[in-house]
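Okay, so here's the structure we're looking at.
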Amino acid sequence: MLDILSIQAEVIDPLPTDDPELRDANDLPVLGTLLAAQKGEGADYLITGDKDLLALAKRFPVVTPVEFWSRHGSL
């Protein structure tokens, strides 16, 4: 699966963002990349185990790897 994803990967520059609900400022580039990907390419999810990013899941499409796999693993 990693080989397939690496072939389809695209480097995206993060959008500048400042979200007051983001608990870890080091995650700003990650959130900015999600926003850029949604705007440009229509990204469906940010898949992460980071608890600070997962805390934003009500406002952004952030899911754990287990959640993603349960939705799409049997495709």
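Residue numbers (my numbering): 10 to 84. Glycine residues also receive a C-beta, built at the ideal position from the N, C-alpha and C atoms. Predicted, not measured: the structure shown is a model, and the values here were computed from it.
In whole angstroms, what separates the C-alpha of residue 64 from that of residue 74?
For this step, residue 64 is matched to residue 55 along the sequence shown. For this step, residue 74 is matched to residue 65 along the sequence shown. Each residue's alpha carbon lies about 15 Å from the other.
Enumerated in chain order, which unbroken segments of the alpha helix (DSSP H) with a length of 4 residues or greater are wholly contained in the stretch 25–80?
37–49 and 60–63
Rounded straight-line distance, which links the Cα of residue 36 to that of residue 72
Here residue 72 refers to the residue found at position 63 of the sequence shown. Here residue 36 refers to the residue found at position 27 of the sequence shown. Rounded to the nearest angstrom, the two C-alpha atoms are 15 Å apart.
7 Å CB neighbourhood of residue 70 in its chain, flanking five on each side removed
Taking the sequence shown and counting its residues from 1, one reaches residue 70 at position 61. Here the set comprises 53, 54 and 55.
Hey, residue 16 and residue 49 are a contact pair by Cβ (cut 8 Å); roughly how many whole angstroms apart?
Counted from its first residue, the sequence shown places residue 16 at position 7. Counted from its first residue, the sequence shown places residue 49 at position 40. Their Cβ separation, rounded to whole angstroms, is 19 Å, which puts residue 16 and residue 49 out of contact at 8 Å.
Close beta carbons around residue 46, own chain, < 6 Å, minus the five adjacent residues each side
Counting from one through the sequence shown, the residue named residue 46 turns up at place 37. Excluding positions up to five away in sequence, the list reads 21 and 52.
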